[in-house]
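Protein sequence lines correspond, in order, to chains Z and R. Everything in the first sequence is counted per the numbering used here, starting at 2 for the first residue and increasing by one. Everything in the second sequence is counted per the numbering used here, starting at 2 for the first residue and increasing by one. Right, one structure below, let's go through it.
Protein chains: 2
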Amino acid sequence: MSDIEIAQQANMKPIIGLVKEQYGIDAEHLDPFGHYKAKLSLEYVASLADKPEGKLILVTAISPTPAGEGKTTTTVGLGDALNRIGKKAMMCLREPSLGPCFGMKGGAAGGGYSQVVPMEDINLHFTGDFHAIGVAHNLLSALIDNHITHGNLLGIDPRRIQWKRVVDMNDRALRKIIIGLGGTGNGYSREDGYDIVVASEVMAILCLATSRADLKKRLGRIVIGYKADGSTAVYASNLKAQGAMAALLKDAIKPNLVQTLENNIAIIHGGPFANIAHGCNTVTATKTALKLADYVITEAGFGADLGAEKFIDIKCRMADLKPSAVVLVATIRALKFHGGVNKEDLNQENLAALEAGFENLERHYNNITQHYGLPCVVCVNHFTFDTQAELDLFKAKCAVLGASCVVSKHWAEGGAGAESLAQEVINIVDHREPGCTFVYDENISSWDKIAAIATKLYGASGISASAKIKAQLKVWDENYGKFPVCIAKTQMSFSTNPALKGAPTGHIVEISEVKLANGAGFIVAIAGDMMTMPGLPKQPAAERIDIDDTGKITGLF
Amino acid sequence: MSDIEIAQQANMKPIIGLVKEQYGIDAEHLDPFGHYKAKLSLEYVASLADKPEGKLILVTAISPTPAGEGKTTTTVGLGDALNRIGKKAMMCLREPSLGPCFGMKGGAAGGGYSQVVPMEDINLHFTGDFHAIGVAHNLLSALIDNHITHGNLLGIDPRRIQWKRVVDMNDRALRKIIIGLGGTGNGYSREDGYDIVVASEVMAILCLATSRADLKKRLGRIVIGYKADGSTAVYASNLKAQGAMAALLKDAIKPNLVQTLENNIAIIHGGPFANIAHGCNTVTATKTALKLADYVITEAGFGADLGAEKFIDIKCRMADLKPSAVVLVATIRALKFHGGVNKEDLNQENLAALEAGFENLERHYNNITQHYGLPCVVCVNHFTFDTQAELDLFKAKCAVLGASCVVSKHWAEGGAGAESLAQEVINIVDHREPGCTFVYDENISSWDKIAAIATKLYGASGISASAKIKAQLKVWDENYGKFPVCIAKTQMSFSTNPALKGAPTGHIVEISEVKLANGAGFIVAIAGDMMTMPGLPKQPAAERIDIDDTGKITGLF
Numbered sequence: 002m003s004d005i006e007i008a009q010q011a012n013m014k015p016i017i018g019l020v021k022e023q024y025g026i027d028a029e030h031l032d033p034f035g036h037y038k039a040k041l042s043l044e045y046v047a048s049l050a051d052k053p054e055g056k057l058i059l060v061t062a063i064s065p066t067p068a069g070e071g072k073t074t075t076t077v078g079l080g081d082a083l084n085r086i087g088k089k090a091m092m093c094l095r096e097p098s099l100g101p102c103f104g105m106k107g108g109a110a111g112g113g114y115s116q117v118v119p120m121e122d123i124n125l126h127f128t129g130d131f132h133a134i135g136v137a138h139n140l141l142s143a144l145i146d147n148h149i150t151h152g153n154l155l156g157i158d159p160r161r162i163q164w165k166r167v168v169d170m171n172d173r174a175l176r177k178i179i180i181g182l183g184g185t186g187n188g189y190s191r192e193d194g195y196d197i198v199v200a201s202e203v204m205a206i207l208c209l210a211t212s213r214a215d216l217k218k219r220l221g222r223i224v225i226g227y228k229a230d231g232s233t234a235v236y237a238s239n240l241k242a243q244g245a246m247a248a249l250l251k252d253a254i255k256p257n258l259v260q261t262l263e264n265n266i267a268i269i270h271g272g273p274f275a276n277i278a279h280g281c282n283t284v285t286a287t288k289t290a291l292k293l294a295d296y297v298i299t300e301a302g303f304g305a306d307l308g309a310e311k312f313i314d315i316k317c318r319m320a321d322l323k324p325s326a327v328v329l330v331a332t333i334r335a336l337k338f339h340g341g342v343n344k345e346d347l348n349q350e351n352l353a354a355l356e357a358g359f360e361n362l363e364r365h366y367n368n369i370t371q372h373y374g375l376p377c378v379v380c381v382n383h384f385t386f387d388t389q390a391e392l393d394l395f396k397a398k399c400a401v402l403g404a405s406c407v408v409s410k411h412w413a414e415g416g417a418g419a420e421s422l423a424q425e426v427i428n429i430v431d432h433r434e435p436g437c438t439f440v441y442d443e444n445i446s447s448w449d450k451i452a453a454i455a456t457k458l459y460g461a462s463g464i465s466a467s468a469k470i471k472a473q474l475k476v477w478d479e480n481y482g483k484f485p486v487c488i489a490k491t492q493m494s495f496s497t498n499p500a501l502k503g504a505p506t507g508h509i510v511e512i513s514e515v516k517l518a519n520g521a522g523f524i525v526a527i528a529g530d531m532m533t534m535p536g537l538p539k540q541p542a543a544e545r546i547d548i549d550d551t552g553k554i555t556g557l558f
Numbered sequence: 002m003s004d005i006e007i008a009q010q011a012n013m014k015p016i017i018g019l020v021k022e023q024y025g026i027d028a029e030h031l032d033p034f035g036h037y038k039a040k041l042s043l044e045y046v047a048s049l050a051d052k053p054e055g056k057l058i059l060v061t062a063i064s065p066t067p068a069g070e071g072k073t074t075t076t077v078g079l080g081d082a083l084n085r086i087g088k089k090a091m092m093c094l095r096e097p098s099l100g101p102c103f104g105m106k107g108g109a110a111g112g113g114y115s116q117v118v119p120m121e122d123i124n125l126h127f128t129g130d131f132h133a134i135g136v137a138h139n140l141l142s143a144l145i146d147n148h149i150t151h152g153n154l155l156g157i158d159p160r161r162i163q164w165k166r167v168v169d170m171n172d173r174a175l176r177k178i179i180i181g182l183g184g185t186g187n188g189y190s191r192e193d194g195y196d197i198v199v200a201s202e203v204m205a206i207l208c209l210a211t212s213r214a215d216l217k218k219r220l221g222r223i224v225i226g227y228k229a230d231g232s233t234a235v236y237a238s239n240l241k242a243q244g245a246m247a248a249l250l251k252d253a254i255k256p257n258l259v260q261t262l263e264n265n266i267a268i269i270h271g272g273p274f275a276n277i278a279h280g281c282n283t284v285t286a287t288k289t290a291l292k293l294a295d296y297v298i299t300e301a302g303f304g305a306d307l308g309a310e311k312f313i314d315i316k317c318r319m320a321d322l323k324p325s326a327v328v329l330v331a332t333i334r335a336l337k338f339h340g341g342v343n344k345e346d347l348n349q350e351n352l353a354a355l356e357a358g359f360e361n362l363e364r365h366y367n368n369i370t371q372h373y374g375l376p377c378v379v380c381v382n383h384f385t386f387d388t389q390a391e392l393d394l395f396k397a398k399c400a401v402l403g404a405s406c407v408v409s410k411h412w413a414e415g416g417a418g419a420e421s422l423a424q425e426v427i428n429i430v431d432h433r434e435p436g437c438t439f440v441y442d443e444n445i446s447s448w449d450k451i452a453a454i455a456t457k458l459y460g461a462s463g464i465s466a467s468a469k470i471k472a473q474l475k476v477w478d479e480n481y482g483k484f485p486v487c488i489a490k491t492q493m494s495f496s497t498n499p500a501l502k503g504a505p506t507g508h509i510v511e512i513s514e515v516k517l518a519n520g521a522g523f524i525v526a527i528a529g530d531m532m533t534m535p536g537l538p539k540q541p542a543a544e545r546i547d548i549d550d551t552g553k554i555t556g557l558f
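Pasting the structure below:
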């Protein structure tokens, strides 16, 4: 059965009653969206302030194949398993983007028997958060060009506008465009472009904001561009945009509650991609879950070089979160992929390739234990094609590494298949003080921060950039000294070259572009030729998606 | 008090209980969106098929001032008044667009004590229908450019693509753009542009579709452009887009239920603008309301030359609706405006200007009674600045015209202020067989259809267009002979010149562009230099909109 077929057979319980039953939260604190989704009021969130916090467990992965290695699936499976063995556990996930949904990857609500539901709703629009983020972003864009059209009192240099437009779609034709054509009535022509909504600074701001007031302050701080002198920043607050933008985000700021196939509560809130953004769900969601549950399982996008690094160095640092352990998800398939096997041949046993590809896992594991200072459980997300010889070899390699390793069958069996993983995690987190170490100190220069990530985690021998970029970073360091860096890099490799699999060393990480995300509070460094707007494949998933006369959706996977 | 302050003091009742109490509909047929909005299932809608239908009353207006004359306010006031005098009445309104909300006009949920609530929610995102329409539209746009990038097997001529992109924002800089710049990886460069979401054919399709199957069929029929021969149409179905588009509209197709300040149920569903689109709420909403209530009051955008004409010639014709009467909303202010008074001086008594401007009302009234074949009640939407002498003159003019006329105070007094209007409407519709006449026969040519509207309703002496446009219309007539026409024209005048107030005659209506809306099932004729993407004013309403720490919104009016 496909994921959507399994999801459609779920025995869902009305969310309002379920939340009341499991967490004692009354209906008045919840805004229902249909019968199976709800938003939690910020007033209720604030009322939890004095409660003790549960343990935070991060699920991350090795460098993935294009299909992904099952981080969300494992997060859900582990959460269900913890609840099965009598623990009070809640999951914190990211909201799916429509881009991959119509492109290559399909939905992002887990898989097999470890899913969150209603799957179609979560993948299509959900509670409207991404739409609100997109329109808040585009309102600011419209206000910028409108200001210039009506006399440009602020003296914005149209050549130095860094605030683009966004759409929640893979649409490569919008990456680089010229706007304002067609005569005086349409404003001044200039270069512009679109990013996908998940890459919007508004997304990052929503994910990092701690209150409505903080949200508005951050929105006002956004640097939209510069004046003609090239250095005087123009802020969203100069355009009086932050009030309307925050009003558009009035509901988006509230965490969304749904359930797993096994009727356990998950919060799904915020959804930046970790290859082009900081890749973690909202601080509000994570902190709320920590107040409500004894164990909180969350995910950070793509491999541990991207999502986990940003989870530690950006999110945990800013929000003062103290994680207790990391689950590193691997698949036998992906390790063979890193060992040089083609996508088509991944279902064939290949011990040599598995052995060779193991170095990818090894580096991620070492990064987590040495540079993040966190205990790590390796979880094999079991596929039916995995052979016993492969699993045995994998376990032997883990033993040499000194890593605890669990083969987990939550995809096929739900929470029951992840009980040993859950037990292993409990054994660690119950016997350890929470906390992690950062990869870099906040007081070093941005250049050194990027270099620290590249050399310590990516195995690079160094980083490079144009003189212009170096000078730009220096200027920002003078004004925004303590900002962490958010590296945009391919998820396919530790390097900037997607074809360089395994655990490359000695490569140079070229920083091709830098952006100031002053509202979010970090500096974005684009490594290699990373796109902040994906394209659709030759056969987009959209072609297969359908809905019948009864409203039943098919082809969403 | 401002509209939003009045709305925030409303004594709202939970919508699920209210719908059950007033219409006996069980919670299982409703999807709640928060506690005060809900969507009605299409299965429930279908279950009403055999019920008798109530009477349909259309609220339209004279040619408006930029602030609008209170059609929505009057629709709500009349509905509340009918319920007050013991009738079972339901209102059918259009959903507001974010464009005017951040631009000049502000919100669109009624005004004063005749509003639908929750006002902030209805104006900002509501239940996400417009976002769903926008993304369904833009998915098709992305699929077009993606198809060309991957080899253009269909042979789409990039110079002949007529399917633009959309955003729910007033953003003039996007009217005319060039996309696909930046090298081979970003596709092929071509001219493109953005319309506001309300102008999307997907909006029209949603408003006219009678079922999920009909929706999908219409989406597949969309003509996105032509092949290099200039005449072979390429359809959305050629790109296999209709399934995913319909899936994105899975909830948007369901009617939305809210309440008035007086706790009567209103359906708000669909929201095309009548100046650039067909301007009526969904057929599903209207038909559902007719099954549930004895009296259904609906509105059609802008003046009766635009909204009412399209309501009759497009919506009633396609959906076989039989209206019983029309309420023509006028304000003393707007009539003085038509009599030549400047916007700033409209609060001063000016009997001469009122007398002169009355000709605008007269033409609308005659159009309704003679060309639409419907009885018409003139409703003065009372403003506090109106003087008794002005009201007396107005009534005298109506008497000469033979029009029944009611001064209605629903803005200040809610339903109680519109009871005499309600009684007048009842007197008419209870003693008349429902039904109207069309302005043109469906079998005449498109050119003659446009000419019929222009000469009969607009007072024009004729229409003009380039030879190319005439030839294009002929080609479409051969293939789509019976399509009605949807004229895009300024709402400020019967002519194409917004400055030509009153009731101009002898003017020529120039058709500057024609578009085939094959999915919606009509031909769009753009009269004059009408924009399908508005711009923001120098001081956009967005600057005043704010939200405080408790989530309370201000500045939305």
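Note that CB positions come from ideal geometry on N, CA and C, so glycine has one too.
Using the C-alpha atoms, what's the distance from residue j back to residue i?
i, j, result
"residue 477/Z", "residue 45/R", "59 Å"
"residue 63/Z", "residue 483/Z", "29 Å"
"residue 387/R", "residue 404/R", "20 Å"
"residue 28/R", "residue 255/R", "15 Å"
"residue 343/R", "residue 221/R", "48 Å"
"residue 453/Z", "residue 314/Z", "12 Å"
Which word fits residue i, buried or exposed, when buried means at least 16 other C-beta atoms lie within 10 angstroms of its C-beta?
i, result
"residue 443/Z", "exposed"
"residue 303/Z", "buried"
"residue 67/R", "exposed"
"residue 306/R", "buried"
"residue 154/Z", "exposed"
"residue 500/Z", "exposed"
"residue 11/Z", "buried"
"residue 325/R", "buried"
"residue 480/R", "exposed"
Can you tell which of the options has its C-alpha closest to the C-alpha of residue i?
i, options, result
"residue 468/Z", "511/Z, 163/Z, 270/Z", "511/Z"
"residue 111/Z", "354/Z, 412/Z, 388/Z", "412/Z"
"residue 24/Z", "403/Z, 141/Z, 290/Z, 241/Z", "290/Z"
"residue 382/R", "114/R, 470/R, 514/R, 91/R", "114/R"
"residue 263/R", "150/R, 90/R, 321/R", "90/R"
"residue 184/Z", "184/R, 19/R, 175/R", "175/R"
Per DSSP, which one or two residues make a beta bridge with residue i?
i, result
"residue 116/Z", "111/Z"
"residue 299/Z", "59/Z, 93/Z"
"residue 511/Z", "465/Z"
"residue 382/Z", "409/Z"
"residue 516/Z", "525/Z"
Taking one C-beta from the segment 292 to 308 of chain Z and one from the segment 50 to 60 of chain Z each time, how about it: are there three or more such pairs within less than 8 Å?
yes
State whether the segment 191 to 207 of chain Z contacts the segment 202 to 215 of chain R, with contact taken as three or more CB pairs (one from each stretch) at a distance under 8 Å.
no
Determine, using beta-carbon pairs with one atom in the segment 303 to 317 of chain R and one in the segment 550 to 557 of chain R, whether at least three such pairs fall under 8 Å.
no
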